[in-house]
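Numbering-wise, the working numbering puts 63 at position 69 of the sequence shown, and it's gapless, one number per residue. Here a beta-carbon is modelled for each residue, glycine too, at the ideal position from N, C-alpha and C. Notes follow the structure.
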Amino acid sequence: MHSSTQIIPETGAVPQHVAVIMDGNGRWARARSLPRMAGHRRGVESVRALVRACWKRRVGYLTLFAFSSENWRRPAEEVSWLMGLFVSLLEREANSLHRNQVRLRVIGDCTAFEPRLQALIHSVQDQTAANAGLTLTIAANYGGRWDLLQALKAMLIAKPSLAHNPERIGEADLSAFLAMAHTPEPDLFIRTGGEQRISNFMLWHLAYTELYFTETLWPDFDETAFELALQSYQQRERRFGRTSEQLKASS
Ligand code: IPE
Ligand code: IPE
Ligand code: MG
């Protein structure tokens, strides 16, 4: 996939790749005096709605941050509920994703998951691998720093000569081993829940992504909220280092 720092990418009115930090489930639940888990469960509805909305608008790639490498720091009970929710979601949705031509990919260090979840991830990925519709990537036990380190290690194992000639290392040598090598770089990043931070999401890939932050809590993020994000995206001038005048002259 092309690198935005090496080649100026083609851009259009609709982002080709949308990446989302789905945040605010806990606060949604607390505002209703419900347990945090009720917010996570309700958040699954927002996932369904967003997958449909992306499908409708011909967004090619949707990436969702479901569980960060730092989320293990949460109470054990919440972590185990979240894992259970992931299992039941994959079990329930696999066939419908497949019917709708969705290709599902999971990125992150899956070795930390219980064997049943690992097997399920492999099976849904295999089942949907040849689908040509939306590529839905779920980041689970994912961290941007983990990704960079695992890519570096994998690159050096695959091409040991690079260790002796580090000056030969180019972007493409490393990026081929990053967990997101199957997608173009995100055009639009959305974080719900009001926080304005990256929280160790895709550190490499967000280099030229347009960032959009909204106060809307994830369980409330519906198609109208997504439309607002898309409208904001359409107003951006993506210069990739050039001047505004250069852009106008070239279009
Ligand atoms: C995001 O919602 C879901 C995950 C991190 C799994 P939170 O659980 O972080 O919700 P808040 O931020 O506490 O409201
Ligand atoms: C980021 O949300 C991770 C996911 C949405 C999975 P967090 O709620 O964990 O982020 P911080 O801790 O507030 O930065
Ligand atoms: Mg949060």
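Count the other CB atoms, across all protein chains shown, that sit within 10 Å of the CB of residue i; report buried if there are 16 or more and exposed otherwise.
i: Trp212; result: buried
i: Thr122; result: buried
i: Trp22; result: buried
i: Asp141; result: buried
i: Ile151; result: exposed
i: Thr210; result: buried
i: Thr218; result: exposed
i: Arg99; result: buried
i: Ala13; result: buried
i: Phe183; result: buried
i: Pro180; result: buried
i: Glu204; result: buried
i: Leu84; result: buried
i: His11; result: buried
i: Gly6; result: exposed
i: Ala175; result: exposed
i: Ala157; result: exposed
i: Ala133; result: buried
If you compare alpha carbons, which of the options is closest to residue i?
i: Gly138; options: Val118, Phe61 and Met77; result: Phe61
i: Gln228; options: Ile115, Tyr55 and Tyr206; result: Tyr206
i: Asn87; options: Arg52, Val45, Leu168 and Leu28; result: The sequence given here places Glu at residue 87; Asn does not occur at that position. Selected option, being the one with the closest Cα: Val45.
i: Gly102; options: Phe171, Glu85 and Val53; result: Phe171
i: Ile15; options: Val41, Cys104 and Ala25; result: Val41
i: Leu128; options: Gly37, Thr177, Phe215 and Gln190; result: Thr177
i: Phe80; options: Glu64, Arg67 and Ala113; result: Ala113
i: Ala124; options: His92, Glu108, Ala106 and Ile2; result: His92
i: Gln95; options: Ile163, Leu130 and Arg110; result: Leu130
Tell me, which residues are paired with residue i by DSSP?
i: Phe171; result: Paired residues: none, contrary to the question.
i: Ile184; result: Val14 and Tyr206
Practice problem: Could you pull out every unbroken beta strand (DSSP E) segment of at least 3 residues lying fully inside the segment 26 to 91, listed in chain order? | Solution: 55 to 62
Quiz prompt | Every unbroken beta strand (DSSP E) inside the segment 93 to 143 [3 residues or more] | solution = For the segment 93 to 143, whole beta strand (DSSP E) runs of length 3 or above, ordered along the chain, are 97 to 101 and 129 to 136.
Practice problem: Can you check the segment 212 to 242 for any alpha helix (DSSP H) of at least 4 residues that lies completely inside it and give the ranges in chain order? | Solution: 217 to 228
Self-check item: Test item, CB below 6 Å from any non-hydrogen atom of ligand 2
Solution: Ile15, Met16, Asp17, Phe59, Ala60, Phe61, Ser62, Asn65, Glu189, Arg191 and Ser193
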